[in-house]
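Visitor: This structure is in structure tokens; I'll ask about it shortly.
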Amino acid sequence: MTELLTAAQMRAIEAAAIASGEVTGLELMERAGRGVVEAIFEEWPELKVTSHRAVVLCGPGNNGGDGFVVARLLKEWGWEVEVFLYGDPERMPPDARVNYQRWRRMGEVGRLTSPVDGETWDRVVDWARRDRTSPLHVIDALFGTGLTRPLLTGDGCDLILLLVALDDLWMDGGPVTRAVAIDVTSGLCADSGRVLLRDDADGPVTMEEVKEDPRFFAFQADLTVTFHRPKCGHFLDMGPQLCGRMRVADIGLGQSGGSVEMLDRPFPGYVRKRSGHKFDYGHALILSGPPGRTGAARLAARGALRIGAGLVTVGCPTEAIPENAARLDAVMLKP
13 MTELLTAAQM RAIEAAAIAS GEVTGLELME RAGRGVVEAI FEEWPELKVT SHRAVVLCGP
73 GNNGGDGFVV ARLLKEWGWE VEVFLYGDPE RMPPDARVNY QRWRRMGEVG RLTSPVDGET
133 WDRVVDWARR DRTSPLHVID ALFGTGLTRP LLTGDGCDLI LLLVALDDLW MDGGPVTRAV
193 AIDVTSGLCA DSGRVLLRDD ADGPVTMEEV KEDPRFFAFQ ADLTVTFHRP KCGHFLDMGP
253 QLCGRMRVAD IGLGQSGGSV EMLDRPFPGY VRKRSGHKFD YGHALILSGP PGRTGAARLA
313 ARGALRIGAG LVTVGCPTEA IPENAARLDA VMLKP
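Numbering (my numbering), first residue to last: 13 to 347.
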């Protein structure tokens, strides 16, 4: 079984651990950042061998604080790291601000504003274009599980275009950017897996709209590193498509309570049909016996649907069609 948590349950678990004196918020943030770096190295082992480049995009909350830890650890590993902050450092939560200050002793922090100023735009573009011999790693630490409103509104579309430009510029003549999300991809509801929409948008949205229309923007990751337990939104709606591959980092919170459990399933393939067509996923033919001998074929047909076959047909003697039709849905019958 896979144990899933809502965002509120995760916050309650963290708050209880801190209140008990078992751990401090600063220690949890350090463990989270270290877990992200370890997950990156597990996903791409070659990154441990030589220096690489990363852009870390930090938000104004604790997710941004995790990002500053990741930036510091990658720089200590020998990476070239560029950090940008969306928000006012003076208004960051205490633990996040501590890690902002720790990073400031190691490197600069570019300011992401809405709209994006020309100096920041040029700085990001220059960074993306400078070296095309290896992937550029973009770390999404803008917003985590606490986000309940659309990622950006109004002039924020300018900032979204900047994020998209990172990938577009890099793909123009070089390796594709690798994107890593901390906890959950920014713009995605951690409970429902839905993209958080602006008031002037009609939902639900398609993957194409998420990629092309700033009103529907959510960060799309190759790898998402979450903490303690996966969240419901990682598995629901557009979560599997936007979160990419999943890794769960242990940050020392022990066992949790009040969680949701689901059967273990491959991630994210089990919801792949949401963006595909039935003919993309194979046609299973199940051969049935005569009347009174049809049960095994029906069980196999249902199993084929459950594991992902696009179409399923039961082939049976003509006289067995009524028996099978009375007990099968979403399965075609052929004599």
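A virtual CB, placed ideally from N, CA and C, is assigned to each residue, including glycine. These figures come from a predicted structure and were not determined experimentally.
(1) How far does the beta strand (DSSP E) with Met-344 in it reach, from first residue to last?
(2) Between Val-121 and the rest of its own chain, which residues show a CB-CB distance below 6 Å, the 5 nearest in sequence each way excluded?
(3) So the candidates are His-240, Gly-266, Gly-264, Gly-199; which of them puts its Cα closest to the Cα of Gly-251?
(4) Please state if the CB of His-246 and the CB of Ser-146 are separated by a distance shorter than 8 Å.
(5) Is DSSP giving His-246 helix, strand or coil here?
(6) Which residue wins for smallest C-alpha separation from Leu-40, given the options Ala-313, Val-326, Phe-239?
(7) Which term fits Asp-78, buried or exposed, when burial requires 16 or more other beta carbons within 10 angstroms of its beta carbon?
(8) Would you please state the rounded distance, in angstroms, between the beta carbons of Leu-254 and Asp-152? I believe it to be under 8 Å.
(9) Check whether the region 26-41 and the region 74-94 are in contact - that is, three or more C-beta pairs closer than 8 Å.
(10) By the DSSP assignment, the beta strand (DSSP E) with Val-67 in it spans what residues?
(11) What is the rounded straight-line gap between the Cα of Val-324 and the Cα of Leu-248?
(12) How long is the line joining the alpha carbons of Thr-160 and Met-104, rounded to whole angstroms?
(13) If contacts are defined as beta-carbon pairs under 8 Å, then Ile-263 and Gly-47 qualify, I think. What distance do you get, rounded to the angstrom?
(14) Is Ile-194 helix, strand or coil when you go by DSSP?
(15) How many angstroms separate the CA atom of Asp-276 from the CA atom of Leu-299?
(16) Who pairs with Phe-96 in a beta bridge, going by DSSP?
(17) Quick check: the Cα distance between Met-344 and Val-67, rounded to an integer number of angstroms?
(18) Counting only runs of 3+ residues fully inside the region 283-319, write out the beta strand (DSSP E) ranges in chain order.
(19) Could you give the distance in angstroms between the alpha-carbon of Glu-88 and the alpha-carbon of Ala-308?
(20) Evaluate Gly-304 with the Cβ neighbour count: other Cβ atoms within 10 Å of its Cβ, from every protein chain shown; 16 or more gives buried, anything less gives exposed.
(21) Quick check on this structure: which residue in Ala-342, Thr-36, Glu-331 has the alpha carbon closest to the alpha carbon of Arg-314?
(22) Which term fits Gly-335, buried or exposed, when burial requires 16 or more other beta carbons within 10 angstroms of its beta carbon?
(23) Report back the beta-carbon spacing between Asp-292 and Gly-322 to the nearest angstrom; my notes put them in contact at under 8 Å.
(24) Along the chain, where does the alpha helix (DSSP H) that runs through Glu-42 open and close?
(25) Comparing C-alpha positions only, which one of Leu-208, Lys-290, Gly-33, Gly-301 sits nearest to Leu-317?
(26) Mapping the DSSP letters down to three states, classify Ile-151 as helix, strand or coil.
(27) Expressed to the nearest angstrom, what Euclidean distance is found between the alpha-carbon atoms of Pro-162 and Gln-21?
(28) Going by DSSP, what residues sit across from Met-104 in a beta bridge?
(29) Note the first and the last residue of the continuous alpha helix (DSSP H) segment covering Ala-140.
(30) Rounded to whole angstroms, what is the Cα-Cα separation between Arg-257 and Phe-231?
(31) Return the first residue and the last residue of the alpha helix (DSSP H) that Val-81 is part of.
(32) Taking its Cβ as the centre, do 16 or more other Cβ atoms sit within 10 Å of Pro-347, making it buried, or is it exposed?
(33) Among Ala-193, Arg-310, Thr-197, which has the Cα closest to the Cα of Ala-51?
(34) Taking all protein chains shown into account, do 16 or more other C-beta atoms lie within 10 angstroms of the C-beta of His-295, making it buried, or fewer, making it exposed?
(35) The ligand ATP and Gly-90: does the residue's C-beta get closer than 7 Å to at least one heavy atom of that ligand?
(36) How far does the beta strand (DSSP E) with Ala-261 in it reach, from first residue to last?
Guide: Here's the rundown:
(1) Residue numbering aside, residue 344 sits at position 332 when the sequence shown is read from its first letter. First-last of the beta strand (DSSP E) with Met-344: 344-346.
(2) One-based indexing of the sequence shown puts residue 121 at position 109. Excluding positions up to five away in sequence, the list reads Val-95, Leu-97.
(3) The sequence position of residue 251 within the sequence shown is 239, counting from 1. It is Gly-199.
(4) Counting from one through the sequence shown, the residue named residue 146 turns up at place 134. Counting from one through the sequence shown, the residue named residue 246 turns up at place 234. Result no, Cβ atoms of Ser-146 and His-246 do not sit closer than 8 Å.
(5) The sequence position of residue 246 within the sequence shown is 234, counting from 1. Here His-246 sits in helix by DSSP.
(6) The residue given as residue 40 occupies position 28 in the sequence shown. It is Phe-239.
(7) As a working note, residue 78 is residue 66 in the sequence shown. Its Cβ being crowded by 16 or more others within 10 Å, Asp-78 is buried.
(8) Here the question's residue 254 lines up with position 242 in the sequence shown. Here the question's residue 152 lines up with position 140 in the sequence shown. Leu-254 to Asp-152, Cβ: 10 Å. No contact.
(9) yes
(10) For the purposes of this step, residue 67 is identified with residue 55 of the sequence shown, where counting begins at 1. First-last of the beta strand (DSSP E) with Val-67: 65-70.
(11) The sequence position of residue 324 within the sequence shown is 312, counting from 1. The sequence position of residue 248 within the sequence shown is 236, counting from 1. Between Val-324 and Leu-248, the C-alpha separation is close to 25 Å.
(12) The residue you call residue 160 lines up with position 148 of the sequence shown. The residue you call residue 104 lines up with position 92 of the sequence shown. Approximately 18 Å between the Cα atoms of the pair.
(13) The sequence position of residue 263 within the sequence shown is 251, counting from 1. The sequence position of residue 47 within the sequence shown is 35, counting from 1. Ile-263 to Gly-47, Cβ: 6 Å. Contact.
(14) Your numbering for residue 194 matches position 182 in the sequence shown. Of the three classes helix, strand and coil, the one that applies to Ile-194 here is strand, per DSSP.
(15) Mapped onto the sequence shown, residue 276 falls at position 264. Mapped onto the sequence shown, residue 299 falls at position 287. Its pLDDT being 48, under 50, Asp-276 is placed unreliably in this model, and the value from its coordinates should be taken loosely. For Asp-276 and Leu-299, the distance between alpha carbons rounds to 29 Å.
(16) Taking the sequence shown and counting its residues from 1, the one referred to as residue 96 is at position 84. DSSP lists Leu-69, Gly-122 as partners of Phe-96.
(17) Position 332 of the sequence shown, counted from the start, is the residue given in the question as residue 344. Position 55 of the sequence shown, counted from the start, is the residue given in the question as residue 67. Roughly 51 Å separates the two Cα atoms.
(18) 295-299
(19) The sequence position of residue 88 within the sequence shown is 76, counting from 1. The sequence position of residue 308 within the sequence shown is 296, counting from 1. For Glu-88 and Ala-308, the distance between alpha carbons rounds to 60 Å.
(20) Residue numbering aside, residue 304 sits at position 292 when the sequence shown is read from its first letter. Its Cβ having fewer than 16 others within 10 Å, Gly-304 is exposed.
(21) Translated into positions along the sequence shown, residue 314 becomes position 302. Per the Cα distances, Ala-342.
(22) Stepping through the sequence shown from its first residue, residue 335 is reached at position 323. Note on residue identity: the sequence assigns Glu, not Gly, to residue 335. By the neighbour-count rule (16 or more Cβ atoms within 10 Å), Glu-335 is buried.
(23) Position 280 of the sequence shown holds residue 292. Position 310 of the sequence shown holds residue 322. Going by Cβ atoms, the distance from Asp-292 to Gly-322 rounds to 6 Å, so yes, they are a contact pair.
(24) For the purposes of this step, residue 42 is identified with residue 30 of the sequence shown, where counting begins at 1. Glu-42 -> alpha helix (DSSP H) spans 37-55.
(25) Sequence index remark: in the sequence shown, residue 317 carries index 305 (1-based). When only C-alpha atoms are compared, the closest one is Lys-290.
(26) One-based indexing of the sequence shown puts residue 151 at position 139. If DSSP states are grouped into helix, strand and coil, Ile-151 belongs with the strands.
(27) Stepping through the sequence shown from its first residue, residue 162 is reached at position 150. Stepping through the sequence shown from its first residue, residue 21 is reached at position 9. Those two C-alpha atoms are separated by around 22 Å.
(28) Taking the sequence shown and counting its residues from 1, the one referred to as residue 104 is at position 92. Partner(s): none; Met-104 has no beta bridge.
(29) Position 128 of the sequence shown holds residue 140. Start and end: 130-141.
(30) As a working note, residue 257 is residue 245 in the sequence shown. As a working note, residue 231 is residue 219 in the sequence shown. Distance between the alpha carbons of Arg-257 and Phe-231 is about 14 Å.
(31) Counting from one through the sequence shown, the residue named residue 81 turns up at place 69. Where Val-81 is concerned, the enclosing alpha helix (DSSP H) stretches over 74-88.
(32) Within the sequence shown, the letter at position 335 stands for residue 347. Pro-347 is exposed by the Cβ-count criterion.
(33) In the sequence shown, the residue the question calls residue 51 occupies position 39. When only C-alpha atoms are compared, the closest one is Ala-193.
(34) As a working mapping, residue 295 is identified with position 283 in the sequence shown. Exposed, by the Cβ-count rule.
(35) The ligand ATP is not among the ligands present in this structure, which contains no ligands whatsoever.
(36) By one-based count along the sequence shown, residue 261 stands at place 249. Its beta strand (DSSP E) spans residues 257-261.
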